[in-house]
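This report concerns only the one structure given below.
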Amino acid sequence: MRLYNTLSKRKEEFVPVEEGKVKMYVCGPTVYNFIHIGNARPMIVFDTVRRYFEYKGYDVNYVSNFTDVDDKIINKAIEEKVSADEISKRYIAECKKDMEGMNVKPATTHPLATEEICGMVDMIGDLIQKGYAYEKNGTVYFRTRQFKDYGKLSHKNLDDLRSGERSLLVTGEDEKEDPLDFVLWKPKKEGEPSWDSPWSAGRPGWHIECSVMSRKYLGEQIDIHAGGEDLVFPHHENEIAQSEAANGKEFAKYWMHNAFLNIDNHKMSKSLGNFRTVREISEQYDLQVLRFFMLSAHYRSPLNFSAELMEASKSGLERIVNAADNLKFLMREAEGDMRPEEEEAFAKTAGFVKEFEDAMDEDFNTADAVAAVFDFVKFCNIHAGEGNSKEYLQKLFDLLVKLTDVLGLIVDKEEEILAEDIEKMIEERQAARKAKDFARADAIRDELQAKGIILEDTREGVKWKRA
Numbered sequence: 427m428r429l430y431n432t433l434s435k436r437k438e439e440f441v442p443v444e445e446g447k448v449k450m451y452v453c454g455p456t457v458y459n460f461i462h463i464g465n466a467r468p469m470i471v472f473d474t475v476r477r478y479f480e481y482k483g484y485d486v487n488y489v490s491n492f493t494d495v496d497d498k499i500i501n502k503a504i505e506e507k508v509s510a511d512e513i514s515k516r517y518i519a520e521c522k523k524d525m526e527g528m529n530v531k532p533a534t535t536h537p538l539a540t541e542e543i544c545g546m547v548d549m550i551g552d553l554i555q556k557g558y559a560y561e562k563n564g565t566v567y568f569r570t571r572q573f574k575d576y577g578k579l580s581h582k583n584l585d586d587l588r589s590g591e592r593s594l595l596v597t598g599e600d601e602k603e604d605p606l607d608f609v610l611w612k613p614k615k616e617g618e619p620s621w622d623s624p625w626s627a628g629r630p631g632w633h634i635e636c637s638v639m640s641r642k643y644l645g646e647q648i649d650i651h652a653g654g655e656d657l658v659f660p661h662h663e664n665e666i667a668q669s670e671a672a673n674g675k676e677f678a679k680y681w682m683h684n685a686f687l688n689i690d691n692h693k694m695s696k697s698l699g700n701f702r703t704v705r706e707i708s709e710q711y712d713l714q715v716l717r718f719f720m721l722s723a724h725y726r727s728p729l730n731f732s733a734e735l736m737e738a739s740k741s742g743l744e745r746i747v748n749a750a751d752n753l754k755f756l757m758r759e760a761e762g763d764m765r766p767e768e769e770e771a772f773a774k775t776a777g778f779v780k781e782f783e784d785a786m787d788e789d790f791n792t793a794d795a796v797a798a799v800f801d802f803v804k805f806c807n808i809h810a811g812e813g814n815s816k817e818y819l820q821k822l823f824d825l826l827v828k829l830t831d832v833l834g835l836i837v838d839k840e841e842e843i844l845a846e847d848i849e850k851m852i853e854e855r856q857a858a859r860k861a862k863d864f865a866r867a868d869a870i871r872d873e874l875q876a877k878g879i880i881l882e883d884t885r886e887g888v889k890w891k892r893a
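Numbers 427 to 893, taken from the numbering used here, label the letters of the sequence shown in order.
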């Protein structure tokens, strides 16, 4: 398996730190609003990476944080006249709903920054003791020039940054030893949440949070650190500096970054009015369509979101789901074990599996993996029919489910009966009972039960619940 490493700027063979295990950290969202489709891309991409490692038999420890203390959260809290904690808890819950809709598996651990403050204070103390950090008026800064490898991920030179990229510098230059030093701890302002530390009552800088959470839940060295390409500099660069300075060893072996997502060929921004949340998309489409759309391009390729492309994704996903539904329909009437000619036909499916795995093994090329699934769907549509055995049809169906599950696409979806349809069937059953057509009444009860609906006849009338 080969993956592109931002650190080396080339594809490398994946060799885990510990055989059979993958330790993976993915930077999660800052929770001050509903997540937007830009947030959704890394969630879907790296969930798929995780699923493929699991498919290959690795034990994956997948950590993805929620940044629940930040200027944006505080500003939103002030605007709504509530606590920052209320804002973050509300939008963590909303984020989890959207993740479920996109079929993003819950992380092994979803740490919250506010619950790891003690670890951050400890790491900052270590960095001061080792000479990598210093305190001025309650603020603690990291000495970028003290860390000799600073810039190795973003391939930026410190002197070039200082002269040519002033916009990247942070405030408080008069206090800092060097304009490029960055904040590890800052004193609180009026009305802000704060925690005690040896330097001031305040809160951590953004970068230190991920270094500490990664170390706590994955150890001092991890296999993969991932996120959007906008995080390469300064966030991930600063994480490397802090972690390697504190721990004295390489932080992450492989760095993976997904490319940007545009809306109708423009960068997504509130000022352009093209800011789209996942929740808004869910009002127009099943979020499985959004997932399919995200996987239709290689994760390192820029992706353009448009109504036309979403409609194409909807049609593409329907082709796969329809093939699965057709196999399920055929299985209802089918019987028996595989015959020799079916065994010969099924043996050909190994070619589709190889095509799929070759695509995923080559830097998680989901676009080509989807193409392999389409090739398999075409095979199923041609080589599965009413005359086939149940075992053969079941094997085709199981393989389709297995491959699509790696992509996080749900094709074995039982249609959930709507409440209004349940009520109509209950009315029809009551009418049948009144007419003494008990066979029809029992048939309706059995049909509902088969769909997971339990009826209970009470004095107040018929009550129902989902099994």
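Glycine included, each C-beta is placed from N, C-alpha and C at the ideal position.
A distance below 8 Å separates the beta carbons of Leu743 and Val715. Assignment of Asp607 by DSSP, reduced to helix, strand and coil, places it in the coil class. Distances from the alpha-carbon of Ala671 to those of Leu553, Ala533, Cys453 and Ile650 put Leu553 closest. Less than 8 Å separates the beta-carbon of Glu663 from that of Gly577. Only buried fits Pro455, as 16 or more other CB atoms lie within 10 angstroms of its CB. Within the model, the alpha-carbon separation for Gly878 versus Asn487 is close to 35 Å.
In the three-state reduction of the DSSP assignment, His724 falls in the coil class, being assigned neither a helical nor a strand state.
Counting along the chain, the unbroken alpha helix (DSSP H) around Leu826 starts and ends at Lys816 to Val832.
Taking a contact as a CB-CB distance under 8 Å, the pair Thr570 and Ala667 counts as one, their CB atoms being some 7 Å apart. Cβ contact annotation for Asn465 (same chain, cutoff 6 Å, sequence separation greater than five): Pro455, in chain order. Nearest Cα to Glu767 within the set Arg436, His809 and Leu610: His809.
About 5 Å separates the beta carbons of Ala795 and Phe782, which is inside the 8 Å limit, making them a contact pair. Residue range Phe864 to Ala876 is occupied by the alpha helix (DSSP H) that includes Phe864. In the DSSP secondary-structure assignment, Ile648 is bridged to Ala678.
As for any alpha helix (DSSP H) of minimum length 4 sitting wholly inside the region 500-577, the runs are 510-527 and 543-555, ordered along the chain. When rounded, the separation of the alpha-carbon atoms in Ala685 and Phe472 is 12 Å.
By the Cβ-count criterion, Lys612 is buried, with 16 or more other Cβ atoms from all chains shown falling within 10 Å of its own Cβ.
In this model, Gln572 and Lys502 are separated by some 37 Å (Cα to Cα). Ala733 is the residue among Arg871, Lys582 and Ala733 whose C-alpha sits nearest the C-alpha of Ile707.
The alpha-carbon of Trp625 is positioned some 13 Å away from that of Val609.
Look at Ser490 here: in three-state DSSP terms it is strand.
Separation of Lys615 and Asp847 (C-alpha to C-alpha, rounded to the nearest whole angstrom) is 56 Å. Distance from the Cα of Leu826 is smallest, within the candidate group Lys850, Ala798, Ala510 and Asp496, for Ala798.
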